[in-house]
Amino acid sequence: MHFPILTSIVALPLVGALVLLFVPGDEEESAPVARKVALTVSLLVFAETLLLWSRFNPASGDFQFVERYAWIPAFGIDYFVGVDGISLLLLVLTGFLTPLALLSSWGSVHKKTRAFSIFVLLLESAMMGVFVSLDLFLFYVFWDAMLVPMYFLIGIWGYERRIYAAVKFILYTMTASVLMLLAILGMAALYASGHGGQYSFDLLKLYAINVDSHLQFWFFLAFAVAFAVKVPLFPFHTWLPDAHVEAPTAGSVILAGVMLKMGTYGLVRFAFPLFPLAAAFFAPYIATLAVIGIIYGALVAMVQPDMKKLVAYSSVSHLGFVVLGICAMNTQGVQGAVYQMLNHGVSTGGLFLIVGMLSDRRHTRVIAEFGGLKKVMPRLVAAFLIVTLSSIGLPGLNGFVGEFLILLGAFRWDPRMAAFAATGVILSAAYMLWMFQRVNYGPVDNEKNAGLADLGAREWAVIVPIIAIAVAMGVVPNLFLRPIEPSVDRMLNQVSRGAPSRVTAQAAPAAEPTTGARR
Amino acid sequence: MMSSFNAIVPMACVTAAGLAAMVAEAFRDPGERMPIAGLGIVGLVGAAIASWLLWDRNAVSFGVVSADNFGLFVTLILVVVGMLSLAISGPTIERERLPRGEYYALMLFGLAGMMLMATATDLLLIFLALEVLSLAVYVLTGIRRDSARSTEAALKYFLLGALASAFFLYGIAFTYGITGSTRLDRIGGLMAAQSISPTPMQLLALGLVLVGFAFKVSAVPFHMWTPDAYEGAPPAVTAFMSTGVKAAAFAAFTRVFLSAFEPLRGSWSDVVWVVAAATMILGTVVGVAQTNVKRMLAYSSIAHGGYLLVALVSASDVAKQSVLFYLLTYAITNIGAFGVIAVLDNADQPNDQIRDYAGLWYQHPALATLMTIFLLSLGGFPPLAGFVAKWYVFTAAISAGYTRLAIIGVLTSVVSVFFYLRIIVMMYMTSNEAQARFPPVPRAAGMALIVSAILLFYLGILPTRVIDWAARSVSTIL
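These protein sequence lines map, in sequence, to chains A and B.
FYI, the numbering for the first sequence is 11 to 529, going by my numbering.
FYI, the numbering for the second sequence is 2 to 479, going by my numbering.
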């Protein structure tokens, strides 16, 4: 019996939040304590995710560090967690971004700091839970629970139209999720019908059952729409610009850095392998939407007057690449997609952090309000440049590797898709550099910008890790790709094994022995 | 034979406590404070212990009261309802200067009626129990005699309730006419034996009984009294009747329709399907338009009745379990939410408009947090009990093949989230100019609310034990 590291990764932020509940005093007294406690806890969680990575066996594509306890035995619901190469680095990413988000909020959150820290930690716990769950019920619990803290983060600490954005965010994502819940129940009922009435929500067992092709379509649609809203895939993206723009910096960082990946992660982990037949049928349509999203997101980003909104639409575009890579369903494509999820987390997280720093100084994010910042804040602008280039996908930085792999995978699948998607790369360079130019070059024609302070010590601490990771991921991609590959291969096997022969509605006999071994 | 009284011991405890409360009130000097609520708590603890001892015994009294596990589970739900309601009644009684003894006595008599209704296995006895609990609740609704709104609510509730009782009684009469019995088990057997396709007489009897129940569980289109009665009654009474009456009525509804009228299920399941869908849709959609928190929660409770009807339509063992789990969860959650309203209720100002909640978090963080927990549980967010309850119902529906009903259910639950969020938006995201309008929270009420919130987390995270109890309850039903 080894140390239950996954449970502790999920539980530690929760414990931190509980501790914070009992921090006494008014805002004045409790704020510094709350900040330090939350930061310490999130750093510990990050350390744990690194420990996890170091102990992870990259040669195996199986789930590791598995923990399993009966939870609601009457319905075959287990507390069942584990990581493979696909979720491992997403956990590390979550652990990495949360302390940065917390640290960035020190300069911008000045009311109810204690509650703010509690919500961030609760959110971290739920996000970790989503990535480690291997039981669909458990997964859904974390998936839905995640919405609540995010709702409060946007609604309480956001900007002017925060209430509208928060409500839209929660209703939009929930509407899509509840249909997925029904599909999950449908899967469990299907399992029960083939196993003497014993339900199961165990992902591995559900992988093994053959779903009737007609049902697959409906189930896949329910799952895919829930994930597509989260990604967000065009045309389900309309909640995103509102939520991003109105959220406080920490919220945007977590939203863009981690939460959007839940959608693509869900496609890779659940929708595609569970319903391979339907996935094969729908993949071209989804990929088309993804390509539309790539181009549409880029074009809309180009005309945004608000930096945050620009970055938000750039997310629509970048996540389109990820979805395209998944739809390609070959090693390069999916590997690139997983890699690009990490990249996007780092570079878009970095962009939101930088925009947050500018917004802390000027209380505006409108591009036209800025100009010539290079002369005023050379260090901040240098960091801004590196993050911008990493987002564009400059070779040598992280973005390049992911996009290259995805385009390679997409080309092998359908060259037309790759060709259209490639224009997105060019467009992203256009809108990002144009924005960068307007904000940082030229004369300082607004005197409010003249006296702005350059990076402070805390901001250094926020931005240096981002840049370091961006460079590392660009220079030694193999370090990160190595654990991903076996798991991606296993997942592709799962999909292709099921795809051609999955037309009969019988439960696979292969699942039988594992049922007997249940506690 | 003392043993033939076993099954009625729980309700006897509660009745005795009610009588003691009346006697205490009679001997109380004006102005003297007596722990009358404490008497009620003692009686309820007695009922809980008695139920505990009767568990798995299947005791039957007089052939018509059956303390099977199903009935005992509902009795325990009612004990929880009773304890929480007594605990949150303090502020309302103080503020409105209500007659303490009568108030508690009525509540306890109402509870005894509810317990009887949950355990009765004879249609006439069910009717009797229904009347016992209804009379108590009618009076409690109108207990603020000087308030026009309260009186109007009581009158409306009474008139429509009497009409529904008449329907119910008429249905019993027809049932007796067809089968020659009012015992559920015999009716079931005779209904099944008589014919393959139901006769018009059977359908008439079925329909009339259905209307009677539909009224009591405020199912559409017999829900009209609900918003008025819930709004007009003092909040603590609303908490009590929105949960207790619903639990008792649903227990009897389930028992009658899944035993005596089970052979006619082909005839009623489509009707109840439509009623369930209409109840969920109307409850949530109209709830969105409300500006008064009590009315909003009234519509929310209509919608929750709809989810319970989904379980009734599904009719499997899982469905029956889910009814029990849902009733327990709903009882705790709704009493919690109305409890917060009761605590905020102020002599000068009822504080029951949504805008009155503006900035509550900044003034009363604990109360706002509790309200948030209750609302999120009503909305069905994990890891709260409301999520498990809804999941349970929808599992039953999906497994029984009622996919469309389940889709309506989950989509309306998203709509309901919208109006629960409106209160949360007010509490957290809107600032409030006026200061210190809210009274301090009495200790008993505060404790009850905290216990409710803890129970919701417990049932949401570790529901296994209660699910097992529910599973053992439905195996004994008739």
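By construction, the Cβ of each residue, glycine as well, lies at the ideal position given by its N, Cα and C atoms.
>> Taking the alpha carbon of LEU205 (chain B) as the reference point, which residue from B:ILE179, B:MET225, B:ALA215 has its own alpha carbon closest?
In response: Mapped onto the second sequence, residue 205 (chain B) falls at position 204. Out of B:ILE179, B:MET225, B:ALA215, B:ILE179 has the C-alpha closest to the C-alpha of LEU205 (chain B).
> What does DSSP give as the partner residues of ARG78 (chain A) in its beta bridges?
Replying inline: One-based indexing of the first sequence puts residue 78 (chain A) at position 68. The partner list for ARG78 (chain A) (beta bridge, DSSP) reads A:PHE90.
>> Taking 7 Å as the limit between beta carbons, can you name the residues of its chain near LEU191 (chain A), skipping five residues before and five after?
In response: As a first step, residue 191 (chain A) must be located in the first sequence, where it is residue number 181. Hits under 7 Å: TYR150.
> Does the distance from the CB of PRO199 (chain B) to the CB of LEU265 (chain B) come in under 8 Å?
Replying inline: Along the second sequence, read from residue 1 onward, the residue named residue 199 (chain B) stands at position 198. Along the second sequence, read from residue 1 onward, the residue named residue 265 (chain B) stands at position 264. Yes, they are a contact pair.
> At a Cβ cut of 7 Å, what residues of the region 439 to 472 of chain B count as close to chain A, listed as they run along the chain?
Replying inline: PRO464, THR465, ILE468, ASP469, ALA472
> Tell me which same chain residues have a C-beta within less than 7 Å of the C-beta of GLU413 (chain A), skipping the five on either side of it?
Replying inline: One-based indexing of the first sequence puts residue 413 (chain A) at position 403. For GLU413 (chain A), the CB contacts under 7 Å within the same chain, skipping 5 residues up- and downstream, are PHE331, GLN350, GLY403, VAL435 in chain order.
> To the nearest angstrom, how far is it from the Cα of GLU134 (chain A) to the Cα of LEU134 (chain B)?
Replying inline: Taking the first sequence and counting its residues from 1, the one referred to as residue 134 (chain A) is at position 124. Taking the second sequence and counting its residues from 1, the one referred to as residue 134 (chain B) is at position 133. Cα to Cα, the separation comes out at about 48 Å.
> Is SER210 (chain A) closer than 8 Å to VAL142 (chain A) when the C-beta atoms are compared?
Replying inline: On the first sequence, residue 142 (chain A) is found 132 positions in, with the first residue counted as 1. On the first sequence, residue 210 (chain A) is found 200 positions in, with the first residue counted as 1. When the beta-carbon positions are compared, VAL142 (chain A) and SER210 (chain A) stay at least 8 Å from each other.
> Under the rule that 16 or more other beta-carbon atoms within 10 Å means buried, what is ASN353 (chain A), buried or exposed?
Replying inline: Sequence index remark: in the first sequence, residue 353 (chain A) carries index 343 (1-based). ASN353 (chain A) comes out buried.
> So which of A:ALA482, A:ASN340, A:LYS385 has the shortest CA-CA distance to PRO453 (chain A)?
Replying inline: For the purposes of this step, residue 453 (chain A) is identified with residue 443 of the first sequence, where counting begins at 1. Of A:ALA482, A:ASN340, A:LYS385, the residue nearest in Cα terms is A:LYS385.
>> Could you tell me the alpha carbon to alpha carbon distance between ARG34 (chain B) and MET448 (chain B), rounded to whole angstroms?
In response: Counted from its first residue, the second sequence places residue 34 (chain B) at position 33. Counted from its first residue, the second sequence places residue 448 (chain B) at position 447. C-alpha separation (whole angstroms): 21 Å.
>> For a cutoff of 8 Å on Cβ pairs, would you count SER400 (chain B) as touching chain A?
In response: Position 399 of the second sequence, counted from the first residue, corresponds to residue 400 (chain B). Closer than 8 Å to some Cβ of chain A, the Cβ of SER400 (chain B) qualifies, so yes.
> Which parts of the region 198 to 222 of chain A are runs of the beta strand (DSSP E), unbroken and 3 residues or longer, counting only runs that do not cross its ends?
Replying inline: none
> When we look at the beta-carbon of LEU489 (chain A) and count the other beta-carbons within 10 Å, is it buried (16 or more) or exposed?
Replying inline: For the purposes of this step, residue 489 (chain A) is taken as the residue at position 479 of the first sequence. When all chains shown are included, LEU489 (chain A) counts as exposed.
> Taking DSSP as the reference, what is the three-state secondary structure of GLN345 (chain A)?
Replying inline: Residue 345 (chain A) sits at position 335 when you count from the first residue of the first sequence. Three-state result, GLN345 (chain A): helix.
>> Measuring alpha carbon to alpha carbon, tell me which residue in B:MET108, B:LEU156, B:ALA237 is nearest VAL15 (chain B).
In response: As a working note, residue 15 (chain B) is residue 14 in the second sequence. Ranking the options by Cα distance to VAL15 (chain B), first place goes to B:MET108.
> Quick one, which of B:TYR421, B:PHE6, B:MET281, B:VAL257 has its alpha-carbon nearest GLY64 (chain B)'s?
Replying inline: Residue mapping note: residue 64 (chain B) aligns to position 63 of the second sequence, counting from 1. The shortest Cα separation from GLY64 (chain B) among B:TYR421, B:PHE6, B:MET281, B:VAL257 belongs to B:PHE6.
>> Any C-beta of chain B within less than 8 Å: which residues of the region 176 to 190 of chain A qualify?
In response: ALA176, VAL177, ILE180, LEU181, MET184, THR185, VAL188, LEU189
> Relative to chain A, which residues along the region 378 to 407 of chain B have a C-beta separation below 8 Å, given in chain order?
Replying inline: PHE382, PRO383, PRO384, PHE388, TRP392, PHE395, THR396, ILE399, SER400, THR404, ALA407
> Would you say the region 237 to 249 of chain A touches the region 105 to 113 of chain A, given that touching needs at least three Cβ pairs under 8 Å?
Replying inline: no
> Excluding the five sequence neighbours on either side, which residues of its own chain have a C-beta within less than 8 Å of the C-beta of LEU55 (chain B), listed in chain order?
Replying inline: The residue labelled residue 55 (chain B) in the question sits at position 54 within the second sequence. Contacts found: ASN7, ALA8, VAL10, PRO11, ALA68, LEU73.
> Are VAL294 (chain B) and ASP353 (chain B) closer than 8 Å when you measure CB to CB?
Replying inline: Taking the first residue of the second sequence as 1, we reach residue 294 (chain B) at position 293. Taking the first residue of the second sequence as 1, we reach residue 353 (chain B) at position 352. Taking 8 Å as the Cβ cut-off, VAL294 (chain B) and ASP353 (chain B) qualify as a contacting pair.
> Considering only C-alpha positions, which residue in the set B:TYR429, B:THR142, B:ALA167, B:LEU209 is nearest to GLN364 (chain B)?
Replying inline: Position 363 of the second sequence, counting from 1, holds the residue named residue 364 (chain B). Comparing Cα positions, the closest option is B:TYR429.
>> At the level of alpha carbons, what is the spacing between TYR177 (chain B) and LEU79 (chain B)?
In response: Looking up residue 177 (chain B) in the second sequence gives position 176. Looking up residue 79 (chain B) in the second sequence gives position 78. Taking the straight line joining both Cα atoms gives about 30 Å.
>> For a quick check, are the C-beta atoms of THR398 (chain A) and MET427 (chain A) less than 8 Å apart?
In response: By 1-based counting over the first sequence, the position of residue 398 (chain A) is 388. By 1-based counting over the first sequence, the position of residue 427 (chain A) is 417. Result no, Cβ atoms of THR398 (chain A) and MET427 (chain A) do not sit closer than 8 Å.
> Going by DSSP, what residues sit across from ARG184 (chain B) in a beta bridge?
Replying inline: Reading the second sequence from its first residue, position 183 is the one you call residue 184 (chain B). In the DSSP output, where bridge partners are listed per residue, ARG184 (chain B) has B:ASP123.
>> To the nearest angstrom, how far is the alpha carbon of PHE262 (chain B) from that of LEU406 (chain B)?
In response: Working through the second sequence from its first residue, we reach residue 262 (chain B) at position 261. Working through the second sequence from its first residue, we reach residue 406 (chain B) at position 405. So the alpha carbons of these two residues sit roughly 22 Å apart.
>> Please report the distance separating the alpha-carbon of MET281 (chain B) from that of GLY86 (chain A).
In response: Your numbering for residue 281 (chain B) matches position 280 in the second sequence. Your numbering for residue 86 (chain A) matches position 76 in the first sequence. Cα to Cα, the separation comes out at about 29 Å.
> chain B partners of TRP81 (chain A), CB-CB under 8 Å?
Replying inline: Here residue 81 (chain A) refers to the residue found at position 71 of the first sequence. The answer, in chain order, is THR465.
>> Using only CA atoms, which one of A:PHE430, A:ALA176, A:ILE82 lies nearest to VAL467 (chain B)?
In response: Taking the second sequence and counting its residues from 1, one reaches residue 467 (chain B) at position 466. Taking only the C-alpha atoms, the option nearest VAL467 (chain B) is A:ILE82.
>> In chain order, what are the residue ranges of uninterrupted alpha helix (DSSP H) at least 4 long that sit wholly in the region 134 to 163 of chain A?
In response: 146 to 155
> Nearest CA to the CA of ILE409 (chain B): which residue from B:GLY284, B:GLY32, B:VAL66, B:SER378?
Replying inline: Taking the second sequence and counting its residues from 1, the one referred to as residue 409 (chain B) is at position 408. Closest by alpha carbon: B:GLY284.
> Between THR355 (chain A) and ILE479 (chain A), what straight-line distance do the alpha-carbon atoms span, to the nearest angstrom?
Replying inline: As a first step, residue 355 (chain A) is located in the first sequence; it is residue number 345 there, counting from the start. As a first step, residue 479 (chain A) is located in the first sequence; it is residue number 469 there, counting from the start. The sequence shown places Gly at residue 355 (chain A), rather than the Thr named in the question. Whole-angstrom Cα-Cα distance: 11 Å.
>> Below 9 Å on C-beta distance, what does ALA202 (chain A) contact in chain B?
In response: Here residue 202 (chain A) refers to the residue found at position 192 of the first sequence. Within 9 Å Cβ-Cβ: SER400.
> Which stretch, first to last residue, makes up the alpha helix (DSSP H) that contains SER315 (chain B)?
Replying inline: One-based indexing of the second sequence puts residue 315 (chain B) at position 314. It spans 294 to 315 - the alpha helix (DSSP H) in which SER315 (chain B) sits, taken as one unbroken run.
>> Strictly below 9 Å CB to CB, what residues from chain A border LEU412 (chain B)?
In response: Counting from 1 along the second sequence, the entry for residue 412 (chain B) is found at position 411. In chain order: THR185, VAL188, LEU189.
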